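First comes the structure, then the notes that go with it.
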Amino acid sequence: MTIAECLTYNNGKAMNAKDFVWPTVLACSKVLFDLEGATTTYTSVEGGQDYYDGKVPYVSGLRLIDDYTFSVTIAAEKLPYYYDLGYAAFTAFDIAYWLGEGYELKDDGEGCYIAGDFTAEAIKAQMEYARFNAGPDRVSAGPYNLVEFDKAALQATLTINPNYVGNFEGQKPSIEKIVIVKAEDATWADAIKTGSMNFYDTITDGAHINTALDIIEEGGFDYVQFDRPGYGMVNFACDFGPTQFVNVRQAIAKLLDRVEFANTFCLGWGGVVNGPYGTAMWQYKEAEEWLNENLDAYAYNPEEAVALLVEDGWIYNADGSDWTEGNIRHKKVTAEEAGTYAHNITLADGTILMPLIVEWSSSEANPVSDLLKVMLAESDATKAAGLQINQNVMTFTELLNFYYRDSSQGDKYAIPTYGMFNLATNFSSAVYDMSYEWTDDPDLVALGYNLNHLFDDVLDWLSMEMVYGVSPEEPETYLILWQKYMQRWNELMPQLPLYSNVYITMYPDWLEGYEQDSYWGFDKAILYATVAE
Amino acid sequence: MANNKKQFFLVRWFKRMFLGHDQEVRDLLKEEQVQTPFKMMAKNFFHKRTVQVGLTVFILIFLFVTVGPVFFPLDLSDQDSTLINLPPGYSMMKLPAAINGKVADIAPGNTYGIGLDTDGHVHTWGVTRITDKIDLKDIPEEVQNADLVRLAAGSDHAVALDANGQLYVWGNTRLSQNKYSSDMTKHMKNAAKGKTSEEWDIIQLEASNQFSAALSSDGTLYLWGNGNMADIKIRSKYQGKVAKVALTNNEYICLLKDGTVAYAGYKDKGSPFSNIPKDLKKETIVDIAATSSTVAAVTEDGRVYVWGNAVKGENKIPELASPISKLYGGRFHYTALLEDGSVVSWGNNKYHQTEVPASLQGKEIASLYVGNFQNYAVTTDGEVHSWGLKGFLMGTDELGRDMLTRVINGGRVTMTVGAIAVIIATIIGVLMGGLAGYFGGKTDILIMRISEIVGGLPFIPFSMILSAVIGSRLDSNQKMYLIMVVLGVLSWVPTCRLVRAQILAQREMEYVTAAKAMGIKVMTIVFRHILPNVLSILLVSMTLDFATCMLTESTLSYLGFGIPLPQPTWGNLLNGANNSVVIQQYWWRWVFPAVVFGLCTICINMIGDGLRDAVDPKSAER
Amino acid sequence: MGKYILKRCGYIVVVFLIISFLMYSLYNLIPNDPARAQLEGLRSSLKPAEYEAMYQSLRDQMGLNDSLMVRYLRWMGLWTDTDGKTFNGLLQGNFGYSNLFKRDVIDVIVDPMSNTIFINIFSTILSLAITIPLGIYCAVHKKKKFDSATQVVTMLGYSLPVYIIALVFMFLFCVNWRIFPVMGIKTAGIEYANNWEAFTDKLLHVTLPVIVMTFGSLGGMTRYVRSAMIEALSMDYIRTARAKGLREKIVIYSHAWRNALLPVITSILGWFLSIFSGSVVIENTFSLSGMGALYWQGLNNNDFELVLAIQMFYSIVSLVGSLLIDISYGLVDPRVRVDK
């Protein structure tokens, strides 16, 4: 790989190949791990694993060729890879700014390594400083410089970087100064009406979009509209409690009127999805009809939900007698299935009964949680089906701790406690890589992969094969695997997908050439925008 | 007299307090016209105008929230996407005078109606405002001038067809509600030039949730609108064979020319309507209709089949006196015109939409229009009878729930929280203050330090940590108790100080010295002799604390530690209006709770003030 | 008097220690294991036994295995640090390190504190300037229409949640009349030519929050002044003064108001002490960075060293404040003997 020779940092310092390579060496090293950063880069760069394990002091897959040329070799088992161009993504960072003085990337002929006191303790302080520093001494290479960041007020000021030579198309920004502020839900509309803000990137809520369009109609603003590259969903813990049974997950899906849910929540600015995709994805656009025909939409149907529960053996009362109306359903389970679930009942004869109570972890002040509570947890159909869903409101951090089963934050998080989490996801780039998402490797699971704890060989194989079994030249093969993946996923329901919405971004009408879409965000689009005369 | 001694001291105490002295004492004082201090206070209290007003209003509010829930029961699963953010009023079926008696066509929308009169004018009524800028009442000039033949009303847009084959859409057009297909534009252009064709001879026009449908006499179905939610495509094998179309909330079903029913959309497995009953295949169908989540077909001999998600009783068809001739669907109900001319309605009856008025009996019905929760029947002599949902007294909120029900039920919770918290705080405060004040010395120092510590514990982090540690395991009821207890336990300090100060003052009074001299036990002196004298002042502080506790509940909701939704409280109702858009556009969502809440606290304060004046006779003279 | 103050100071120390201990243990109830967090990255690379050993030694090193009491005392600066020699706690001026801001707590607090004080000083002055004349006027003209109207209006500010008042005022002043900006403490991205410009810009931004705060506090203070004044006006010496033929103005302002001032002054003092604490609601609504918003941010992000430090500061202010109030009571009114 050869880089252009004209590149400089914002402080005018020239870049060379070393600036691009050292971050990858860091990413391959254990030092990053000790700094609480998680990455799997070392598994994909040749020699990365050895370097990571400390067997050799260099990364053999990374080579400096001359001042402006370097090479990267990808580990053989990671090829073919459908998104293999992604391996060639390198970003420049100033080693002196990030690690401090006295560090240098070197290549003695066997591979690259970082010379100097390269240990976590030595670099930690400088790294933290570099990360949170904002001001004229911040060294960066992007189109804008971060000159001020007020964390208490959540306000950042960016000014144009005069030393920026342009993006891959040679595009340079022309907006001099950008101030990024956090919009308060309660007052953003007034702030825009009165000119305190004139740009709102990615308005997500249907009601907010209607308000924004009202303001736009008054004049002074324009907007772009794009599909969300993601979706909102309910996540199930598939390894414990009632939600470990696929029938229960399907029954919950059938007990929620997702169409009405999306009508209320999106107000037309979005639709229902039946799998882990967003309506912005090219795969969806290609396969829409196939998905309609082959995915089960789990249309609202309390009767079928009950049938699914009965079929799965949820037919007992708490005392072991046959289920009667008005009670919570129970199922006879093995000790292994019973697990750590808190509500199990052990009868006198030793049979374990699991009640159909789903503990739901929901974040606070979230309209999706509020609506789910009304439409699912409190609904008559849910109660009549003998299902009880307990809402447990907590902060988003707390929810994530439970979701990740993050014992580092406290032992209680390591124990599976909740069966349901409401979350949303966005695919930040066009790369749809679900590999390792369904892995059964306990190490990877501990690292935060397979958060649904669903161990299904077919799904795992499909998710891996989809990207590692297909070369970039075979989009048709990829799409077939993608469809199969969707179908399998849809059958197993590790998540209940709720909606994929339409976003808008509103901007002042004196801004010309601003074009944003699902994958071309504000940071990229703003470079092309100019101020109208 | 012997009897009296056996009475529990509290009973006697209350008797003394409210009825005057014991008989024995009264006998002693018979000569003098003595008024007990409490009688005096009561007189002072009840004779003040502000107190009278305050007390009356407070009692009314109290009854409103205690008796109210019986008549307006709370349903926590209540929600309706078609009734979101409706202003207060009962105008939904109020036809303007100009159209009365000369109705040519009615298109019932979700919360509004559009009518065409016999002179060709278009009228709207009901809640027509969709957003701040979009109002269906603003009928475009070209529509008013056109010679309209058909009308349809959707959730937020209206469609009209004129005699020249031109379509007009107004209302919300932000989600491509007016984006015709290229075919349609072409046909419309041709029609404008005067070229008529079977392909564009529109015989049916329908609109639903942000999408619309037009059917031509050759069986071609045109669908357009917002495709995010709605199914706006038709499979080619059905195109050109459609005889009638019925729209559900997001999908549609077709009656084909061969007398069968077909699901012609693209959602396949995803659609509950694709599952057409097997029995239906043998029948010849003459009419179809749809509610928001079910569809129905009428057979040749007037029987009806309903399928889809019939969870609101849409499939509970009553015994019919005669066969059905025409069938119409609302949101959750069907209304049918029978062959004998009578009207029958079934399905969900939450808004009385299936209660066909008796006045309709014996009248000959010319036409029937049904939409959402509204029904209009036009008789042959031009009278319009309507039944169903008229509107909401206090409007609806962001999930389409009745604000009146929520204000009533919210008040119950808020007042309970306030009252119990005050009672807890008063009990602790009186005990601590009483002990500190009477004993003084070390007890006093100790208790005052404790009160300083408790007073120094900040309420918000305290409740936040409590919610973090145990809160997430609580449901809304338990959380309510938690808030009451925390509020009570942390707010007794001012009461304690007040009682202590009062007792310090009373301690030096002669009557206490007298009691001491008579050898009465200390405890008895404090609680039987001193406390009643402090009670009046205590009542004042209790009323004022009550108002404060109610306010704290609303702040807690703001901070996210209040009683969780969907359980309404005045606090979280107001918190739901914590948004400039709501404040400016949906005033009823904060004005009503704020008015009731404000009235309530003002009344409590007025009563408190009145009490204070009554207790302190000096102030009454001023 | 000196003895009394000394005694009270002694109490303050004791009460402060107890409050701080309570708060410290309360925050410790929240599950949080910094040792585990620090080791998390190494977990997969170490053998379980190694990991456990490292974890335990780290816990020792961080002092997590010590009892709650020891940890508290260490935090307070009354117990030696983990090295066993030095003291490094609150009493030594170490207010802790903010995890959220990655800076020392003391540095984090400076800016928000100055904003909060800036806002509160204006709001306090404004409300006193309104409530005192209003209270006096209402007392003199009590039970007239104006008095009743004032009672209701001020009550309104008192009985509505602040965020509703803030949004209604925002609609009127910002959206309708375009007088004030909606959010922030300064115009976004502005570069000031001079200090005066910076000051006026800041002033413009805080005016509406100040008005809202003042409106919310009118109710309490007006009622207080009014009742104190009514009390004073009912005294015999007023009757005497009037009988002497003094002008009504002199009677009111010279005789009655001076005496009414006594009870009022203590509450004014208490009010001035509250300028350090910001209002979460107002600061959030107007996107101001003040103490209330900071405290809230810290609480929500489990940044307990920050929250505890702020909390301790408030505790001291309130304890010292109540002492000052008691003393001032004695100073202002010679009849009151506080040391009894």
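Protein chains in written order, with our numbering: chain A, 1 to 533; chain B, 534 to 1155; chain C, 1156 to 1495.
Note that CB positions come from ideal geometry on N, CA and C, so glycine has one too.
Just so it is clear, the structure is predicted and the values come from calculations on it, not from any experiment.
In this structure, the CA atom of A:I357 is about 36 Å from the CA atom of B:G928. Classified as exposed, C:M1224 has fewer than 16 neighbouring CB atoms from the shown chains inside 10 Å of its CB. Distance between A:L376 and B:L932, taken at the CA atoms: about 14 Å. In terms of Cα proximity to B:S878, the closest of B:E872, B:V1148 and B:Y861 is B:Y861. Among the residues of chain B, those whose CB is under 8 Å from the CB of C:V1323 are I1116, following chain order. Here the alpha carbons of B:T615 and A:R249 stand approximately 29 Å from one another. Among the CB atoms of chain B, one or more fall inside 8 Å of the CB of C:F1326.
Looking from the CA of B:G951, the closest CA among B:L1077, B:E732, B:L853 and B:L588 belongs to B:L1077. Where A:W461 is concerned, the enclosing alpha helix (DSSP H) starts and stops at D457 to Y468.
The stretch 1360-1368 of chain C makes no contact with the stretch 1257-1269 of chain C, as fewer than three CB pairs between them are under 8 Å.
Nearest neighbour of B:L748 by Cα position, chosen from B:L700, B:P805, B:L708 and B:A630, turns out to be B:L700.
For C:L1479, the secondary structure class from DSSP, reduced to helix, strand or coil, is helix.
When only Cα atoms are considered, B:P810 and B:V794 end up about 10 Å apart. Under the Cβ criterion (8 Å, minimum of three pairs), the stretch 168-182 of chain A counts as touching the stretch 141-160 of chain A. About 7 Å separates the beta carbon of A:Y231 from that of A:T425, a gap short enough to meet the 8 Å contact definition. Secondary structure remark: continuous alpha helix (DSSP H) runs of at least 4 residues inside the stretch 199-286 of chain A, in chain order: 206-218, 246-255 and 258-266. Taking 7 Å as the upper bound on Cβ-Cβ separation, chain A lies near no residue of the stretch 1362-1378 of chain C. By the criterion of a C-beta distance shorter than 8 Å, A:N450 is surrounded in its chain by Y436, E437, W438, T439, D440 and L444, once the five residues flanking it on both sides are discounted. For A:N401, the nearest beta carbon of chain B is not closer than 8 Å to its own beta carbon. Here B:L681 carries a strand assignment [DSSP, helix/strand/coil].
When secondary structure is reduced to three states using DSSP, B:I632 falls in the helix class. Check the Cα spacing between B:F865 and each of B:Y884, B:I857, B:A854 and B:L853: the tightest is with B:Y884. Collapsing the DSSP output to three states places A:D411 in a helix. Excluding residues up to 5 positions away in sequence, M1178 lie with their Cβ nearer than 6 Å to the Cβ of C:Q1466 in the same chain. Every beta strand (DSSP E) of 3 residues or more that sits fully in the stretch 707-772 of chain B is shown, in chain order, as 735-740, 744-749 and 754-758.
Below the 7 Å Cβ cutoff, chain C contributes V1337 and M1338 as neighbours of A:A191, in chain order.
For the stretch 736-766 of chain B, the set of residues with a beta-carbon nearer than 7 Å to any beta-carbon of chain A comprises N742, Q743, N759, N761 and M762, in chain order.
Within the same chain, and ignoring the five residues on either side of A:D433 in sequence, the residues whose Cβ sits closer than 7 Å to its Cβ are Y83 and V467.
For B:A637, the three-state secondary structure derived from DSSP is strand. Counting along the chain, no alpha helix (DSSP H) covers B:A830; the unbroken beta strand (DSSP E) around it starts and ends at T827 to T832. Close partners of B:Y799 in chain A (Cβ separation under 8 Å): E289 and N292.
Residue-level contact check: C:Y1227 does not touch chain B, since none of the beta carbons of chain B fall below 8 Å from its beta carbon. By the 16-neighbour rule on beta-carbons within 10 angstroms, C:A1284 is exposed. Straight-line spacing of the CA atoms in B:E739 and A:L479 works out to 38 Å. Secondary structure of B:K1049 (DSSP, three-state): helix. The C-beta of C:M1467 comes no closer than 8 Å to any C-beta of chain B.
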